[in-house]
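Notes for the one structure printed next.
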Amino acid sequence: MSTLIAPPFIYLFAALLCPLLGPRWRALLLLGTPIVGLAVILSFGMGNHAVVSVLGFDLTFLRIDKLSFIFSIIFSIAAFLSGLYAWHVRDTVQQIATLAYAGSAIGGVFAGDLITLFLWWEGTAVASVFLIWARRTPAAYSTGMRYLIVQVLSGVLLLAGLLVHYHDTGSIAFEHLGLVSTGTFLIFLSFGIKCAFPLMHNWLQDAYPAATITGTVVLSAFTTKMAVYALARGYAGTEVLIYIGAIMTLFPIFFAEIENDLRRVLAYSLNNQLGFMVVGVGIGTELSLNGTAAHAFCHILYKSLLFMSVGAVLYRTGTSKASELGGLYKSMPVTMVCCLIGAASISAFPLFSGFVSKSLILDASASNGYYLVWLALLIASAGVLSHSGIKIPYFTFFAHDSGKRPAEAPIHMRIAMIITATACVVIGVFPGLLYSLLPFETDYQPYTFDHVLVQMQLLIFALLAFLFLMKTGVHPPEVRATNIDSDVIYRKAIPSILPVLVSGIVALNASSRRLAMSAVSAMGDSLEKVAKPSSPLARGWSVASMMFVVVLLMVAVFVANLL
């Protein structure tokens, strides 16, 4: 088949077609494109397709195997559900961005080489930022610019790693890479930024809540999961990922507990859930990689459901702050039930999707001797129940009565939420449906007595702890707080240092000029005129000294690369 029939290009063609259509046709296009794209994916068999030779490089735009297949399926489902949820949107910018973003993410999953991966990698960055800018506020513009800088930086690191790796090996194949060279280390950092590793994560918590109501649902599905896929493809079994993932599951708990904006709570929770997937990649066994793929699949569904629920509340009330909500179950019962199903799924209650995926990773960590990591994942699971399983639905629909009586979510939003909630329940009750899509054959049984008992003990303990804190007033019903995350270092400290740096540069330049003038003056009275501050010789000396410093830096960088 022609390369242009490859699913990513179907999305891009639809995005180009959008401006030519009316509002209702654009909405239909947003809904129909994932269906067509999924049908095309299913029409291809396993193997490499859509291979194009460019400048001597064979670029593979459609590498289908069991790992890429399951991610492409859930990405297609997420694109469809996002289009249904956003049926009311008439903003052409958002619709084009959604199609281009989803297509780029699917393209990244199918990329069989690092060059193709880089193209789609940057495609997701450029397309997704418009979902933030679509709010058309100064704050959204600033947040979007910061998001774009971080995402492009990830792409630059990927490109640099690609070039160094090709120089070292002569290969651009996107296969298992491992941390074996400078090039693969740069690629690893690139994936880590997009996966929101600790200290690289702040873009996620700022950008996702800053997007439009529907844009946040779209953002939650693609970027970070594409990075998880890339890690699973290139760095499975890299042990450092186990400990990075364990930290990722733990550190967002505190921030999520004190955060007032419920969409930011979900963003921190998203980071927590990514940690489970990263641990699975780090362990690198068939069981753990199955767990990573399964958890990514389930996470996209229940996280989208939670963002849909909170987004519907924001759409009707104009706020997503816990301190301004409560009592909405009286007028938004369907949204409330869907939110509870999403909460049960993310908390890994038995008979819900999170239980059948998270169990794979927990078992893999214990069976491979990572007992402290297993304990960390258990603690993180209790934290998830507290901040996403309880806090989100409790403060939104119950708690104190805010007096707000908004109308139920629009019908298309309710349909999207009901379909997603149904999928969470069906996967939880019939896990074999999901397991049949996993990269490796498995006969894993999540519903054993030990699994259910341990998980229920954990959930009951977390629930009792929450009730105790509420009863004693330690966890007040209204929490108005501003989180100070690790990004305060470069968002606050660096701007305060910049004036000092600028003044230092000015002083250095002045000293250079004075030195030049003194040197020229010492040569005699005959050169007195050219020694004036405005003389070309003085300016030339300053420029030459600065160029010398730059050359030294370039040499240092070159030597460092050689080493």
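Each number in the working numbering comes from the position in the sequence shown (counting from 1) with 667 added on. Beta carbons: idealized from backbone N, C-alpha and C, even for Gly. Values in this document were obtained by computation on a predicted structure and should not be read as measured data.
Problem - Exposure of His966, with buried meaning 16 or more beta-carbon neighbours within 10 Å - result: As a working mapping, residue 966 is identified with position 299 in the sequence shown. Counting Cβ neighbours within 10 Å, His966 comes out buried, since at least 16 surround it.
Problem - Leu729, enclosing beta strand (DSSP E) - first and last residue - result: Within the sequence shown, numbered from 1, the residue matching residue 729 stands at position 62. Counting along the chain, the beta strand (DSSP E) containing Leu729 begins and ends at Phe724 to Ile731.
Practice task
Within the segment 1054 to 1114, note down every full beta strand (DSSP E) run reaching 3 residues or more, in order along the chain.
Solution key: none
Practice task
Quick one: measure Cβ to Cβ for Ile909 and Pro865, integer angstroms, because I've assumed they're closer than 8 Å.
Solution key: Within the sequence shown, numbered from 1, the residue matching residue 909 stands at position 242. Within the sequence shown, numbered from 1, the residue matching residue 865 stands at position 198. Between Pro865 and Ile909 the Cβ distance is about 14 Å, and since that is not below 8 Å, they are no contact.
Handout entry: Alpha-carbon to alpha-carbon, Ala1049 and Val796
Key = Position 129 of the sequence shown, counted from the start, is the residue given in the question as residue 796. Position 382 of the sequence shown, counted from the start, is the residue given in the question as residue 1049. Between Val796 and Ala1049, the C-alpha separation is close to 33 Å.
Practice task
Report the residue from Ala903, Arg802, Arg803 and Ala682 whose alpha carbon sits nearest the alpha carbon of His843.
Solution key: Position 176 of the sequence shown, counted from the first residue, corresponds to residue 843. Considering only alpha carbons, the answer is Ala903.
Practice task
Check the DSSP bridge columns for Asp928 and list the partner residues they point to.
Solution key: Here residue 928 corresponds to residue number 261 of the sequence shown, with the count starting at 1. Answer is Lys988, bridged to Asp928.
Exercise for the section: For Asn1035, I'd like the list of residues in its chain whose CB is within less than 7 Å of its CB, leaving aside the five on either flank, ordered along the chain. Expected result: Here residue 1035 is taken as the residue at index 368 of the sequence shown, counted from 1. Closer than 7 Å at Cβ, skipping near neighbours: Ile950 and Thr952.
Problem - N-terminal and C-terminal residue of the alpha helix (DSSP H) that Gly1036 is part of - result: As a working note, residue 1036 is residue 369 in the sequence shown. Segment: none, Gly1036 is in no alpha helix (DSSP H) and carries neither H nor E.
Handout entry: Start and end residues, alpha helix (DSSP H) containing Ala778
Key = Residue numbering aside, residue 778 sits at position 111 when the sequence shown is read from its first letter. Run containing Ala778: none; DSSP gives neither H nor E here.
Practice task
Pick out the complete alpha helix (DSSP H) segments inside the segment 950 to 1036, 4 residues or longer, and give them in chain order.
Solution key: 953 to 984, 1000 to 1013 and 1020 to 1034
Problem - Euclidean distance between Cα positions of Met1080 and Ser720 - result: Here residue 1080 refers to the residue found at position 413 of the sequence shown. Here residue 720 refers to the residue found at position 53 of the sequence shown. So the two alpha carbons sit approximately 44 Å from each other.
Exercise for the section: Over the uninterrupted alpha helix (DSSP H) stretch that includes His716, give me the two end residues. Expected result: Position 49 of the sequence shown holds residue 716. Segment Gly714 to Val721 is the beta strand (DSSP E) holding His716; no alpha helix (DSSP H) there.
Handout entry: Nearest-angstrom Cβ-Cβ length linking Leu886 and Leu972, presumed shorter than 8 Å
Key = Taking the first residue of the sequence shown as position 1, residue 886 is located at position 219. Taking the first residue of the sequence shown as position 1, residue 972 is located at position 305. At roughly 15 Å, the Cβ-Cβ gap does not stay under 8 Å, so Leu886 and Leu972 are not in contact.
Practice task
Using the Cα positions of Phe1019 and Asp758, report the straight-line distance between them to the nearest angstrom.
Solution key: Locating residue 1019 in the sequence shown gives position 352, where the first residue counts as 1. Locating residue 758 in the sequence shown gives position 91, where the first residue counts as 1. Going from the Cα of Phe1019 to the Cα of Asp758 covers about 35 Å.
Practice task
Can you grab the Cα-Cα spacing for the pair Leu995 / Leu1045, in whole Å?
Solution key: One-based indexing of the sequence shown puts residue 995 at position 328. One-based indexing of the sequence shown puts residue 1045 at position 378. Distance between the alpha carbons of Leu995 and Leu1045: 32 Å.
Practice task
Starting from Ala840, follow its DSSP beta bridges and name the residues at the other end.
Solution key: As a first step, residue 840 is located in the sequence shown; it is residue number 173 there, counting from the start. DSSP output for Ala840 lists Asp780 as bridge partner(s).
Practice task
Run the CB neighbour count on Ser749, radius 10 Å, all protein chains shown included, and call it buried at 16 or more, exposed below.
Solution key: On the sequence shown, position 82 is the one that residue 749 refers to. Result: buried.
Problem - Cβ distance (whole Å) where Gly1009 is taken to contact Ala1015 below 8 Å - result: If you number the sequence shown from 1, residue 1009 lands on position 342. If you number the sequence shown from 1, residue 1015 lands on position 348. Not confirmed; about 12 Å, so no contact.
Practice task
Take Leu968 and list the residues in its own chain whose beta-carbon comes closer than 6 Å to its own, dropping the five residues that flank it on each side.
Solution key: Here residue 968 refers to the residue found at position 301 when the sequence shown is read from its first residue. Excluding residues within five positions, the ones whose Cβ falls inside 6 Å are Thr1087, Ala1090 and Cys1091.
Practice task
In angstroms with no decimal places, state the Cα-to-Cα distance between Leu1101 and Phe785.
Solution key: The residue given as residue 1101 occupies position 434 in the sequence shown. The residue given as residue 785 occupies position 118 in the sequence shown. About 30 Å.
Handout entry: Helix, strand or coil at Val1224 according to DSSP, with G and I counted as helix
Key = Your numbering for residue 1224 matches position 557 in the sequence shown. A caution first: Val1224 carries a pLDDT of 41, below 50, which makes its placement in the model unreliable, though a value can still be read off. Here Val1224 sits in helix by DSSP.
Practice task
Drop a sphere of 10 angstroms on the beta-carbon of Phe1135, count the other beta-carbons inside from all chains shown, and report buried for 16 or more, exposed for fewer.
Solution key: Numbered from its first residue, the sequence shown carries residue 1135 at position 468. That one is exposed.
Exercise for the section: Ignore the nearest five residues each way along the sequence and tell me which others in Asn938's own chain have a CB closer than 7 Å to its CB. Expected result: Residue mapping note: residue 938 aligns to position 271 of the sequence shown, counting from 1. These residues qualify, in order along the chain: Ala863, His868, Leu871, Met915 and Pro919.
Problem - Val718 to Phe728 span [Cα, whole Å] - result: Taking the first residue of the sequence shown as position 1, residue 718 is located at position 51. Taking the first residue of the sequence shown as position 1, residue 728 is located at position 61. Their Cα atoms are separated by approximately 6 Å.
Problem - Cβ-based neighbour list, Ile741, same chain, cut-off 6 Å, excluding 5 preceding and 5 following - result: Residue 741 sits at position 74 when you count from the first residue of the sequence shown. Cβ within range, chain order: Phe964 and Ile967.
Practice task
Would you mind working out which of Leu1126, Phe889 and Ala923 sits nearest Gly790, comparing C-alpha positions?
Solution key: On the sequence shown, position 123 is the one that residue 790 refers to. Here the closest residue by C-alpha is Phe889.
Practice task
Classify Glu906 as helix, strand or coil using the three-state DSSP reduction.
Solution key: Within the sequence shown, the letter at position 239 stands for residue 906. In this structure, Glu906 counts as coil in the three-state DSSP scheme.
Practice task
Report the three-state DSSP secondary structure of Ser887 (helix, strand or coil).
Solution key: On the sequence shown, position 220 is the one that residue 887 refers to. Reduced to three states, the DSSP call for Ser887 is helix.
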